[in-house]
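A quick write-up on the structure given underneath.
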Amino acid sequence: MTGLAQLERMALCTTLTRVGPDAPTLCEGWTARDLAAHLVLRERRPDAVAAGLVPQVGVLADHSQRVQDGYAEQSWQDLVDMIRQGPRGWSPTRVPAVDDAINLAEFYVHHEDVLRAAPDWTPDQARPLKVGVKNALWSRLKQAGQLLFRRSPVGVVLETPEHGSHSAHRPTKLGTALLIGEPHELLLFAFGRQNVAHVEIEGDAAAVEGLRGASLGL
Numbered sequence: 001m002t003g004l005a006q007l008e009r010m011a012l013c014t015t016l017t018r019v020g021p022d023a024p025t026l027c028e029g030w031t032a033r034d035l036a037a038h039l040v041l042r043e044r045r046p047d048a049v050a051a052g053l054v055p056q057v058g059v060l061a062d063h064s065q066r067v068q069d070g071y072a073e074q075s076w077q078d079l080v081d082m083i084r085q086g087p088r089g090w091s092p093t094r095v096p097a098v099d100d101a102i103n104l105a106e107f108y109v110h111h112e113d114v115l116r117a118a119p120d121w122t123p124d125q126a127r128p129l130k131v132g133v134k135n136a137l138w139s140r141l142k143q144a145g146q147l148l149f150r151r152s153p154v155g156v157v158l159e160t161p162e163h164g165s166h167s168a169h170r171p172t173k174l175g176t177a178l179l180i181g182e183p184h185e186l187l188l189f190a191f192g193r194q195n196v197a198h199v200e201i202e203g204d205a206a207a208v209e210g211l212r213g214a215s216l217g218l
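Quick note: the sequence shown, position 123, residue 123 per the numbering used here, numbers continuous.
This is the structure:
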């Protein structure tokens with residue numbers, strides 16, 4: 001049985017092929033080519049990914065960037081094919097349940113990074129998602145919520161019509177904001193895509209403003 005992450009991987013590759021390497025993304029300074037290279041790096045060179053997580057050590061960060069730049073120099077078709085094929089050899093993500101846990105949210109967010117960066121994109125063009133995908137993204141959001149909202153200056157409670165509410169960040173002196181929306185839209189917001197996430201925020205003005213301007217995500 002094909003897992004949800006694998007289906008999203010294939011959909012992302014279809015979109016990348018359609019828009020081309022120079023398409024804009026929501027990742028500041030990155031084109032679709034840069035984003036694709038990042039995804040390949042993430043799956044095929046975990047050593048370089050780990051190095052990039054230590055930006056204060058310049059030589060490690062430089063190594064990570066060099067490896068990513070090397071992938072970006074591949075032909076567009078080859079780069080997209082690398083994403084489509086996934087990690088080389090055996091990997092825990094060959095198991096659908098593990099793949100979904102590790103990759104579904106990543107692929108969904110980056111797919112939307114490409115789709116919603118289009119100059120003519122509007123909220124009514126948002127992709128309809130199956131219930132199973134929404135449920136899986138909600139589970140992932142609950143698991144990672146404390147991490148994704150750790151820099152929020154206000155408390156955060158997530159609420160979705162299908163799943164009720166979940167506290168993602170403890171209250172602060174600025175109060176608590178209630179973030180309402182579909183699971184996938186809440187996930188985009190949590191990953192720092194506040195400007196394109198279709199959500200509602202309720203709470204005191206200071207709390208709402210604080211959450212909208214917060215530095216969220218990993």
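The beta carbon of each residue, even a glycine, is placed where N, CA and C say it ideally should be.
If you drop the 5 nearest sequence neighbours on each side, which residues of the same chain put their C-beta closer than 7 Å to that of residue i?
i, result
"H198", "P123, A126, G181 and E185"
"P87", "E43, R44 and T93"
"V40", "Y71, L79, M82 and I83"
"E219", "In the structure as shown, the chain starts at 1 and stops at 218, and residue 219 therefore has no counterpart that could be examined."
Contact defined as beta carbons within less than 8 Å: I believe residue i pairs with residue j. What is the distance between those atoms, to the nearest angstrom?
i, j, result
"P24", "T31", "7 Å"
"D99", "Q6", "6 Å"
"A36", "L4", "Between L4 and A36 the Cβ distance is about 21 Å, and since that is not below 8 Å, they are no contact."
"V154", "L174", "5 Å"
"F149", "V156", "5 Å"
Can you give me the C-alpha to C-alpha distance between residue i and residue j, rounded to a whole angstrom?
i, j, result
"D204", "H163", "24 Å"
"F107", "R9", "6 Å"
"L104", "L178", "25 Å"
"D81", "P183", "29 Å"
"P161", "E202", "15 Å"
"E159", "L129", "18 Å"
"A50", "D22", "With a pLDDT of 45 at A50, under the threshold of 50, the modelled position of this residue cannot be trusted, and the question is left open."
"T176", "L216", "16 Å"
"R33", "H166", "36 Å"
"A117", "C27", "9 Å"
"H38", "Q68", "6 Å"
"R170", "P96", "33 Å"
"V133", "L12", "15 Å"
"A207", "E112", "27 Å"
"T17", "V131", "27 Å"
"L211", "Q146", "14 Å"
Does at least one heavy atom of the ligand MN sit under 7 Å from the Cβ of residue i?
i, result
"T172", "This structure does not include the ligand MN; it has no bound ligands of any sort."
Along the chain, where does the beta strand (DSSP E) containing residue i start, and where does it finish?
i, result
"A168", "G164 to H169"
"V199", "Premise fails: V199 is in no beta strand (DSSP E) and is neither H nor E."
"E112", "Unbroken run through E112 is the alpha helix (DSSP H), P96 to L115; no beta strand (DSSP E)."
"V156", "G155 to T160"
"A177", "T176 to I180"
May I ask which residues mark the beginning and end of the alpha helix (DSSP H) holding residue i?
i, result
"L147", "V131 to L148"
"A214", "That residue, A214, is in no alpha helix (DSSP H); it is neither H nor E in DSSP."
"E8", "L4 to V19"
"A37", "A32 to R44"
"E185", "P183 to A190"
"A22", "Here residue 22 is Asp; the residue named in the question, Ala, does not match the sequence. Careful: D22 lies outside any alpha helix (DSSP H) and carries neither H nor E."
Excluding the 5 residues flanking residue i on each side, which residues of the same chain have their C-beta closer than 6 Å to its C-beta?
i, result
"G213", "none"
"Q77", "none"
"W138", "H163 and P183"
Residues in its own chain within less than 8 Å of residue i by CB, not counting five upstream and five downstream?
i, result
"R140", "A101, L104, A105 and L187"
"A144", "A105 and A190"
"V109", "L187, L188, F191 and R193"
"A136", "L4, D100 and L104"
"S75", "none"
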